[in-house]
Ligand SMILES: Nc1ncnc2c1ncn2[C@@H]1O[C@H](COP(=O)(O)OP(=O)(O)O)[C@@H](O)[C@H]1O
Ligand SMILES: Nc1ncnc2c1ncn2[C@@H]1O[C@H](COP(=O)(O)OP(=O)(O)O)[C@@H](O)[C@H]1O
Ligand SMILES: [Mg+2]
Ligand SMILES: [Mg+2]
Ligand SMILES: [Mg+2]
Ligand SMILES: [Mg+2]
Ligand code: NI
Ligand code: NI
Ligand SMILES: [Zn+2]
Ligand SMILES: [Zn+2]
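Residue numbers (the working numbering), protein chains in the order written: chain A, 1 to 135; chain B, 136 to 270; chain C, 271 to 513; chain D, 514 to 756.
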């Protein structure tokens, strides 16, 4: 649901950029972590609605969903979403769709552990970022 | 001076690695931040002395001194050691050779500011790491 | 480009942002932030944002155990009278939070960026230390600061270092609050953490007004329903804000 | 490969490591860690390591204002009787420290890795929160834990979440210390932070012994020379350790 708030943040930061640089925007490349379970179609729909009231009416949104590679800082083990699937399922069950990881993917270390050593201490790459703008 | 302690840490971690993998070590590539003002010759001298008592007697140490690129998280400005030279000089003057940045380069944000916006909030890459081992 | 950070900045832009800070823990930041917000709330809609990821004390003081609703607008606040409350604790419930330092900034940027913040007055509760949370707040806004300490020498020394940072960073420090200075008994005051000589001196040196608050053992009875509290501390804070 | 981390692990391996923890600030961690180390120091050489980057309270309690000497062996401790004290504050002096969360781990790995640590018994003072400092300590060692709280409901709720984490992480929690439970006056006790009912319940639930400590207003007089203190708190801690 809060895909709309995120789309708004993208439109308004790209709009600001476009006005500062005095450049028209054709395409925006947004990168999101798969961990966040954000719905890409909703993001695009929201972006297309919100941009109409902005100065980047012609911009198109392309979303890249990044798969996570977690690296344990305690034992060095590298693992992926698949390896902790059993730890993620209960989160969906307990919190539903608007769960903590959906809203703030960085919270993953509070809920999941390194499958090898059990540590909550692993590197995550969970940011939502605009990786490129085509003008 | 504490170059010796660092050399010891390198010898003992590489030795451990070599024993675990059951591989001889020809060369160790160590990367250090220029910020730390560590003396490369002392590091190598210490390494060559300490390795004699270890299982990696034939290893050679190659040290790469990384130049820092600081990125301000407040205004986005990217700057280097040169741009904050005037902020670093007083540290050397006040603390001498064994100054905080020499011992713990990560402490840089406590002493220096982004030359553009004055923020202490910038990204540093200050770790000391073994970047490669030649067997 | 970090759109969530940009949005956070926009949400706070032009508003009155008051942050209750102390590098020292347990000095009463959350209590005082809550009482200040409640005082403001008597006259206008006020937001209270909790940036202490691990303490979530604001929720505990207000007895809030629900989860934040999430809408198209983002994270919807908990409403208590005129107050709108936001906290990471409202996203996770009673599960513990443990985080690498690197992630703390992302978590707080998300809270601040996604909060559906409509109020013009914003009170911010902060964690102890001078780490990622402080830097994140600074990245997003330039708050007026209320600096809290105990009267103890130890606490004042820690807070003095923070004050140095705040002043160098050109943040406006409104007052220093010396909390838990004395405990009134029928037989005269007791000073559980020493007399407030060090904080007095600090205030004079830096030209910042110091306000002295008592220990109020009654406060504990209102843990979980702090809006009901109308004792000593509340009255003293009212006086300070009315000045 | 991170050689400093490896060295830190080696320096602590096989030693008795006791960490005084609390996700809540200002509950007396530094005071209690110092008094425990002093108690051990009466019988054997003991190291006291301060992992609270922003508080450096151990140095302040011991009145240490010098800088660590650095030798070929690394960072040389401050020596107070049988105690060897290490703190980041001993590297920077009275300058403030402000750090992005990402750097906190590097700073503490350096302190632990470079410390010329010869003692077999190591007491560790920790900062509040459950962030990078806690994870760094966990990366380096598996300490026995002494968990400190105030009796207040708020503090106990915060500490309960930390306890959950500690137990899930299979750390051994020796005792829970409920600090500042009562203040004795000639006219009977005062309970400045409420009666210790919540912490008592927590102890029973988790099967962990709870120790109750008083507020001692005399303590403040020994700030800066805590080794000279021999009052109530010291005596209570002696009793606990002798059990
Ligand atoms: N003036 C006061 N009188 C009595 N208790 C207080 C007072 N101020 C704070 N407390 C109590 O002290 C503890 C720490 O306060 P808190 O607001 O959580 O501090 P912080 O946010 O700085 O960690 C809480 O249990 C709180 O109820
Ligand atoms: N039992 C006690 N009686 C009186 N004062 C205490 C007691 N325990 C701690 N203090 C004081 O309370 C303040 C916080 O204690 P401190 O050890 O710094 O806590 P923490 O390390 O958990 O932040 C200090 O000023 C300290 O002197
Ligand atoms: Mg605190
Ligand atoms: Mg608090
Ligand atoms: Mg922290
Ligand atoms: Mg402390
Ligand atoms: Ni959503
Ligand atoms: Ni040196
Ligand atoms: Zn692991
Ligand atoms: Zn900058």
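We put the CB at the ideal spot given by N, CA and C, even for glycine.
Since the structure is predicted, the reported quantities are computational estimates derived from the model, not experimental observations.
Outcome for residue i when other beta-carbon atoms lying within 10 angstroms are tallied against a minimum of 16
i                      : result
residue 23 of chain A  : exposed
residue 41 of chain A  : exposed
residue 457 of chain C : exposed
residue 73 of chain A  : buried
residue 80 of chain A  : exposed
residue 143 of chain B : buried
residue 299 of chain C : buried
residue 569 of chain D : buried
residue 135 of chain A : exposed
residue 282 of chain C : buried
residue 629 of chain D : buried
residue 273 of chain C : buried
residue 117 of chain A : exposed
residue 423 of chain C : buried
Neighbouring residues, chain C, relative to residue i (Cβ below 8 Å)
i                      : result
residue 129 of chain A : 271, 272, 273
residue 593 of chain D : The contacting residues do not exist; residue 593 of chain D stays about 17 Å from chain C at best.
Closer than 9 Å at the beta carbon, the chain A residues around residue i
i                      : result
residue 652 of chain D : 73, 74, 119, 121
residue 648 of chain D : 73, 74, 109, 119, 120, 121
residue 345 of chain C : 2, 5, 103
Listed by chain order, chain C residues near residue i by CB distance under 7 Å
i                      : result
residue 730 of chain D : 460, 461, 462
residue 41 of chain A  : Under the 7 Å cutoff, chain C gives no residues; its nearest Cβ is about 15 Å from residue 41 of chain A.
residue 140 of chain A : Only positions 1 to 135 of chain A appear in this structure, which leaves residue 140 of chain A out of reach.
residue 574 of chain D : 424
residue 749 of chain D : The premise fails here: residue 749 of chain D is roughly 16 Å from chain C at the closest Cβ pair, so nothing lies under 7 Å.
Contact set between residue i and chain D, taken where Cβ atoms lie within less than 7 Å
i                      : result
residue 233 of chain B : 583
residue 493 of chain C : 665, 666, 667
Per-residue contacts from residue i into chain D (C-beta, under 8 Å)
i                      : result
residue 261 of chain B : 616, 619
residue 434 of chain C : 609
Interface partners of residue i on chain D, CB under 9 Å
i                      : result
residue 457 of chain C : 698, 699, 700
residue 467 of chain C : Within 9 Å Cβ-Cβ: nothing; residue 467 of chain C doesn't reach chain D, min ~11 Å.
Partner residues on chain F for residue i, Cβ-Cβ distance less than 8 Å
i                     : result
residue 10 of chain A : Absent from the structure is chain F; the protein chains it does hold are A, B, C and D.
Beta-carbon neighbours of residue i, restricted to chain C and to distances below 9 Å
i                      : result
residue 31 of chain A  : Going along chain C, no residue has its Cβ under 9 Å from residue 31 of chain A, so there is no contact; the nearest lies around 10 Å.
residue 54 of chain A  : Within 9 Å Cβ-Cβ: nothing; residue 54 of chain A doesn't reach chain C, min ~13 Å.
residue 674 of chain D : 324, 326, 364, 365, 366, 367
Every unbroken alpha helix (DSSP H) within the segment 76 to 100 of chain A, with a cutoff of 4 residues, ordered by chain | Fully enclosed alpha helix (DSSP H) runs of 4 or longer: 85 to 95.
If you measure beta-carbon to beta-carbon, which residues of the segment 617 to 637 of chain D are closer than 8 Å to chain C?
-> Hits within the stretch, in order: 617, 618.
Unbroken stretches of the beta strand (DSSP E), 3 residues or longer, contained in the segment 444 to 491 of chain C | Whole beta strand (DSSP E) segments, 3+ residues: 453 to 455, 458 to 460, 479 to 482.
Starting from the N-terminal end, write out each residue whose C-beta falls within a distance shorter than 7 Å of any non-hydrogen atom of ligand 5.
-> Every residue passing the under-7 Å Cβ criterion appears here: C:371, C:374, C:397, C:399, C:401, C:402, C:403, D:614, D:617, D:640, D:642, D:644, D:645, D:646.
Complete alpha helix (DSSP H) runs within the segment 587 to 615 of chain D (minimum length 4 residues, chain order) | Counting only runs of 4 or more, we get 602 to 605.
Contact set between the segment 602 to 618 of chain D and chain B, restricted to residues whose Cβ is under 9 Å from the partner = Within the segment 602 to 618 of chain D, 604, 605, 606, 608, 609, 610, 611, 612, 613, 615, 616, 617, 618 place their CB atoms closer than 9 Å to a CB of chain B, listed in sequence order.
Contact shell at 6 Å, judged by CB to any heavy atom of ligand 10, ordered along the chain | Each of B:207, B:209, B:210, B:212, B:249, B:251, B:252, B:254 has a C-beta closer than 6 Å to some heavy atom of ligand 10; these make up the full list, in chain order.
At 4 residues or longer, and completely inside the segment 145 to 186 of chain B: list those alpha helix (DSSP H) runs for me, N to C.
-> Whole alpha helix (DSSP H) segments, 4+ residues: 175 to 185.
Which ranges does the beta strand (DSSP E) cover as unbroken runs of at least 3 residues, wholly within the segment 286 to 312 of chain C, from first to last along the chain?
-> Counting only runs of 3 or more, we get 286 to 291.
What are the residues of the segment 13 to 27 of chain A that lie near chain C, defined by any Cβ-Cβ distance shorter than 8 Å?
-> Correct list: 13, 14, 16, 17.
Members of the segment 518 to 542 of chain D that neighbour chain B once the beta carbon cut-off is set at 7 Å | Of all residues in the segment 518 to 542 of chain D, 519, 520, 523 have a Cβ within less than 7 Å of some Cβ in chain B.
Check distances from the C-beta atoms of the segment 547 to 569 of chain D to those of chain C and list, in chain order, the residues that come in under 7 Å.
-> Of all residues in the segment 547 to 569 of chain D, 567, 568 have a Cβ within less than 7 Å of some Cβ in chain C.
Alpha helix (DSSP H) runs wholly inside the segment 641 to 671 of chain D, at least 4 long, in chain order | As summarised for the segment 641 to 671 of chain D, the continuous alpha helix (DSSP H) elements at least 4 residues long and confined to that stretch are 645 to 653, given in chain order.
Beta strand (DSSP E) runs wholly inside the segment 552 to 581 of chain D, at least 3 long, in chain order = DSSP runs (the beta strand (DSSP E)) wholly in the segment 552 to 581 of chain D: 559 to 563.
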